[in-house]
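S.K.:
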């Protein structure tokens, strides 16, 4: 059953107007009968009658990718469920037994009314699609209660909407030297400019390096280099400038155009006042349709189609060491998905030097662990055993020996050593270099994918935005597109939305802090309970056990809050009236990242900067909810910070990987339950448009969790890297697998996404830049205030007689007289009979001094040294970062010259084609080209003359919402001879001026 705009008069004559179908039973039955008769041919019969000539799909049924005529391609699929057929058997059984209760009858009537409403909405919606020029064909599978509406966008529709969407399309061009090489996909980022500027004397060395890295390149037989073309914004008035072939619009372009139409067509009658009764999203949410998606190019595990090639040669784990075929990923998934994989691959490559340096710092710590004097003193029976430490809790805890923390002290040195300082400085430079190199790399990608001149003002307003402003009378003109758009009132709509959003985000942030406080109270309670036990084995591992279990509890809270944050943030962003989808996504991204930042990092910030800093001293502890605050061990809190960081970072990555692998399988299993058991065996013989229904829908913001996961990881790698030098290594190993797993997931578990055009990675870059600047501050404070680097440095330079750390342990422990304990906080008497003084980590005056238990002068010396280190560290690092940014331009000089050359060549082509058009040479050339391309003639009409004479469809909701102000004078071919002389003279003058 082929339905197009030309079929509407016939259907109206038969009483079956698709724009407003009759709801009477007879008319609906006639329509269902027509559909049934049109779908009579079985799958086997269709397979016998049609054979694919395309070698890429030679083993697939012809109707897997085309309509039944074998010519029109399936560009999009809409799926709806025939619930009446699904419940037919059970209802007939009940009717046969005459056992329908009143409640069952009422329920059945309600289902029937709901089904009729959905049918009316589908009829109006599909009628509006046909009025827009789309071709529809409905199909079904025997015994499956699903109806598949296949959608095809004819050439005329593609041309019309390519002009509306301002798509950049390939032009007719001459062979130019700047396109002879495809050097963007086969080199390291930035190697293209290096290769061109390298002197000839180093050419041999470059060739050797190229051969060494040849194994990481992709096989050209699988991923041949793609040709570059001059492109320009498409215009129907200047079709003669473009290379109008049968494949002029790629499948991704057609899917994008159809998706644009689907999101804006109404599904209610003209007299309906519901402003939100439009768009496929609304129909999917209320169950009118079950799914809408473009079709994958064949099975991923068979054949030689693009999907199978990507699966075997890119998404497979065995290809983890190879470059990504970014051009082919872009062709199949679109710019937005390809740009994510380009960024993730670049980030993973940049982690290699960071991982190597971090691993070397860890090796240094392991090799020198026995040379660290303070940790050796703690483990020494003659030193540490004789040091009695003050109780860890009030009344119930006794005194304990310093040797109980021997393992803790040795483990702390692995992350608290001189190499940590060097690594923190190195990672600050690395973060700046990473962003600068990404800007250079992304500029090359943006140029290659025609994203350089993309302006957000060219993006059309969101349909939800227009619906909310449908009754607003105040209008404004877009300065770029010159279209009239509604302008939301500032005080009446924008300000309340922003205030509600900001206050709600603040409330969610407070909830995250409440969870952190709860975990802190848990640590206090468990540590006190373990200390009461008194067993040496238990007390020696009490701190590590408490920190580990608290980190796992915090991880569970994080995962729970994640689900709440994602849902609330989207509702709050909708109230802000963001004009475009890009602005909406950026605002949503900032909210969720802020919430996730607090969620993931709050507990880590507490350990790094607050734990053990304001605890007081024995006999006068500062209390929180009548409980003593947590204290750091004699070696500091850096080990606990490392444990918390490692568990949250590695645990989150492991859980995300497991969820990404298991959850899609569960969704596929759920989808299969919708298919009757007797038909599941025939699933492998289904056409591709039906197989894709079993896959998971890829949301337009489907990449958001992937970006968020990597950005949070980037925060762990940079903000707290001084406490966990192995973080870059763990991130690198995870990302090597993440690239392939994400690709495999998109190819096997998800429907093909609708291609989206974006300029860059968006607000994520600003977040990365902010994280890099914030990391300089946090690393400076962690080294200065959390680690023992500054106290050890001050002691060795100022107080040590031999300028070593000998005696540092005794120097860092203050003395407390046990007789000064208040009665209500005294430890058990049996453990204090032979102890007169106990030690605690701090710099305070001893008992009996003039300023008893007050801060000693050494405390102020160390504090001054810490603040001085922070100032020097930040200024030195910032100066070097500014120099790096100044020395490395955002765009390579070679690329700037190439862009200028291409702009000049494009202008030359336009002027030359305009001149030929004025002289009448283009018409004959186009006719000759059209006559040599039969496929183009069959799809595009009978040439330029008919195209230009064809009138545009009637005004639609799109034209009402986004009025088009095109002042170009569109004339037909017949008018050209009358003005030929005048146009020729004008064109010659223009050519001479250029």
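Numbering (UniProt numbering), first residue to last: 1 to 994.
By construction, the Cβ of each residue, glycine as well, lies at the ideal position given by its N, Cα and C atoms.
1) Rounded to the nearest angstrom, what separates residue 596 and residue 655 at their Cα positions?
2) Quick test of your reading: residue 771 and residue 718, contact by CB under 8 Å. State the CB separation rounded to the nearest angstrom.
3) Have a look at residue 224 and residue 311 and give me their C-alpha separation to the nearest angstrom.
4) Might you give, ordered along the chain, the residues of its own chain that have their beta carbon closer than 6 Å to the beta carbon of residue 888, omitting 5 neighbours on each side?
5) Suppose you measure from the CA of residue 868 to the CA of residue 413; what does that come to, to the nearest Å?
6) State the DSSP-derived secondary structure class of residue 187, mapped to helix, strand or coil.
7) On a Cα-Cα basis, can you pick out the residue from 614, 447, 643 and 628 that is closest to residue 546?
8) With burial defined as no fewer than 16 other Cβ atoms inside 10 Å of the residue's Cβ, what is the status of residue 875: buried or exposed?
9) Just list the residues that DSSP pairs residue 340 with in beta bridges.
10) Does the distance from the CB of residue 1007 to the CB of residue 902 come in under 8 Å?
11) List the DSSP bridge partners of residue 484.
12) Let me check you understand the geometry: is the CB of residue 318 closer than 7 Å to at least one non-hydrogen atom of the ligand HEM?
13) Roughly how many whole angstroms lie between the Cα atoms of residue 577 and residue 360?
14) Might you give, ordered along the chain, the residues of its own chain that have their beta carbon closer than 8 Å to the beta carbon of residue 335, omitting 5 neighbours on each side?
15) Using three-state DSSP, classify residue 397 as helix, strand or coil.
16) Enumerate, from N- to C-terminal direction, the unbroken beta strand (DSSP E) stretches of 3 or more residues contained entirely within the stretch 96–176.
17) What's the gap between the Cα of residue 190 and the Cα of residue 439?
18) My assumption, with CB atoms under 8 Å, is that residue 661 sits in contact with residue 730. Please give the rounded CB distance.
19) Span of the beta strand (DSSP E) holding residue 864?
20) Excluding the 5 residues flanking residue 12 on each side, which residues of the same chain have their C-beta closer than 6 Å to its C-beta?
21) With 16 as the cutoff for other CB atoms within 10 Å, does residue 557 come out buried or exposed?
22) DSSP has residue 78 in a bridge; who is on the other side?
23) For residue 849, which of helix, strand or coil comes out of DSSP?
24) Can the beta-carbon of residue 403 be found closer than 8 Å to that of residue 385?
25) Do residue 343 and residue 761 come within 8 Å of each other at the CB atom, strictly closer than that value?
26) Can you say whether residue 571 is buried or exposed, counting buried as having 16 or more other CB atoms within 10 angstroms of its CB?
27) Cα separation between residue 552 and residue 508?
28) Given this structure, state the Cα-to-Cα distance separating residue 563 from residue 511, to the nearest angstrom.
29) Just the C-alpha distance for residue 68 and residue 306, rounded to the nearest angstrom, thanks.
30) Let me check understanding here. Comparing Cα to Cα, which of 906, 891 and 367 lies closest to residue 445?
31) Are residue 800 and residue 806 close, meaning C-beta to C-beta below 8 Å?
32) When we look at the beta-carbon of residue 298 and count the other beta-carbons within 10 Å, is it buried (16 or more) or exposed?
33) Report the residue ranges of all beta strand (DSSP E) runs contained in full by the stretch 204–289; include only those spanning at least 3 residues, in chain order.
34) Give the C-beta separation of residue 296 and residue 694 to the nearest angstrom, bearing in mind that I take them to be a contact with Cβ-Cβ under 8 Å.
35) Is the beta carbon of residue 603 closer than 8 Å to that of residue 516?
36) Among 363, 395 and 239, whose alpha-carbon lies nearest the alpha-carbon of residue 619?
M.R.: Here's the rundown:
1) Here residue 596 refers to the residue found at position 596 when the chain shown is read from its first residue. Here residue 655 refers to the residue found at position 655 when the chain shown is read from its first residue. Using only the alpha carbons, I get a separation of about 16 Å.
2) The residue labelled residue 771 in the question sits at position 771 within the chain shown. The residue labelled residue 718 in the question sits at position 718 within the chain shown. The pair is a contact, with the Cβ atoms about 6 Å apart (cut-off 8 Å).
3) As a position in the chain shown, residue 224 is number 224, starting the count at 1. As a position in the chain shown, residue 311 is number 311, starting the count at 1. Whole-angstrom Cα-Cα distance: 16 Å.
4) Along the chain shown, one-based indexing puts residue 888 at 888. Counting only Cβ-Cβ distances below 6 Å, and skipping sequence neighbours, we find 436.
5) Locating residue 868 in the chain shown gives position 868, counting from the first residue. Locating residue 413 in the chain shown gives position 413, counting from the first residue. Answer to the nearest angstrom: the Cα atoms are 24 Å apart.
6) Locating residue 187 in the chain shown gives position 187, counting from the first residue. Only weak support is given to the placement of residue 187: the predicted model assigns it a pLDDT of 40, under 50, and the question is left unresolved by the model.
7) Here residue 546 corresponds to residue number 546 of the chain shown, with the count starting at 1. Measuring from the Cα of residue 546, the nearest candidate turns out to be 643.
8) Sequence index remark: in the chain shown, residue 875 carries index 875 (1-based). Exposed, by the Cβ-count rule.
9) Counted from its first residue, the chain shown places residue 340 at position 340. DSSP lists no partner for residue 340.
10) Residue 1007 is absent from the structure shown; the chain starts at 1 and stops at 994.
11) The residue labelled residue 484 in the question sits at position 484 within the chain shown. According to DSSP, residue 484 bridges with 477.
12) The ligand HEM is not part of this structure, which contains no ligands at all.
13) In the chain shown, counting from the first residue as 1, residue 577 sits at position 577. In the chain shown, counting from the first residue as 1, residue 360 sits at position 360. One C-alpha to the other measures close to 51 Å.
14) Locating residue 335 in the chain shown gives position 335, counting from the first residue. Hits under 8 Å: 449, 451, 755, 756, 757 and 758.
15) Along the chain shown, read from residue 1 onward, the residue named residue 397 stands at position 397. It is coil, neither helix nor strand.
16) 135–140, 146–152 and 168–170
17) Here residue 190 is taken as the residue at index 190 of the chain shown, counted from 1. Here residue 439 is taken as the residue at index 439 of the chain shown, counted from 1. The predicted model places residue 190 with a pLDDT of 40, which falls under 50 and marks its position as unreliable, so this point remains unresolved.
18) On the chain shown, residue 661 is found 661 positions in, with the first residue counted as 1. On the chain shown, residue 730 is found 730 positions in, with the first residue counted as 1. At roughly 19 Å, the Cβ-Cβ gap does not stay under 8 Å, so residue 661 and residue 730 are not in contact.
19) By 1-based counting over the chain shown, the position of residue 864 is 864. First-last for residue 864: 857–887, but that is the alpha helix (DSSP H), not the beta strand (DSSP E).
20) Against the chain shown, residue 12 aligns to sequence position 12. Reliability of the predicted coordinates at residue 12 is poor, the pLDDT of 44 falling under 50, and no value is obtained from them.
21) Indexing the chain shown from 1 puts residue 557 at position 557. Burial call: buried.
22) In the chain shown, the residue the question calls residue 78 occupies position 78. Answer by DSSP bridge pairing, in chain order: 149 and 292.
23) Within the chain shown, the letter at position 849 stands for residue 849. The answer is coil: DSSP assigns residue 849 none of H, G, I, E or B.
24) Within the chain shown, residue 403 is the residue found at index 403, counting from 1. Within the chain shown, residue 385 is the residue found at index 385, counting from 1. Contact: yes.
25) Taking the first residue of the chain shown as 1, we reach residue 761 at position 761. Taking the first residue of the chain shown as 1, we reach residue 343 at position 343. For residue 761 and residue 343, yes; Cβs fall inside 8 Å.
26) The residue you call residue 571 lines up with position 571 of the chain shown. The residue in question, residue 571, is exposed, as its Cβ has fewer than 16 Cβ neighbours within 10 Å.
27) Numbered from its first residue, the chain shown carries residue 552 at position 552. Numbered from its first residue, the chain shown carries residue 508 at position 508. One C-alpha to the other measures close to 21 Å.
28) Translated into positions along the chain shown, residue 563 becomes position 563. Translated into positions along the chain shown, residue 511 becomes position 511. Rounded to whole angstroms, residue 563 to residue 511 spans 14 Å at the Cα level.
29) Along the chain shown, one-based indexing puts residue 68 at 68. Along the chain shown, one-based indexing puts residue 306 at 306. Distance between the alpha carbons of residue 68 and residue 306: 23 Å.
30) Counting from 1 along the chain shown, the entry for residue 445 is found at position 445. With distances taken between Cα atoms, residue 445 lies closest to 891.
31) Against the chain shown, residue 800 aligns to sequence position 800. Against the chain shown, residue 806 aligns to sequence position 806. Cβ atoms of residue 800 and residue 806: closer than 8 Å.
32) What you label residue 298 is simply residue 298 of the chain shown in a count that begins at 1. Buried: at least 16 other Cβ atoms inside 10 Å.
33) Segments of the beta strand (DSSP E) lying fully in the stretch 204–289: 231–233.
34) One-based indexing of the chain shown puts residue 296 at position 296. One-based indexing of the chain shown puts residue 694 at position 694. With a Cβ gap of about 11 Å, residue 296 and residue 694 do not count as contacting.
35) Taking the chain shown and counting its residues from 1, one reaches residue 516 at position 516. Taking the chain shown and counting its residues from 1, one reaches residue 603 at position 603. Yes, the pair counts as a contact, with Cβ atoms nearer than the cut-off.
36) Taking the chain shown and counting its residues from 1, one reaches residue 619 at position 619. Checking every option, the nearest Cα to that of residue 619 belongs to 395.
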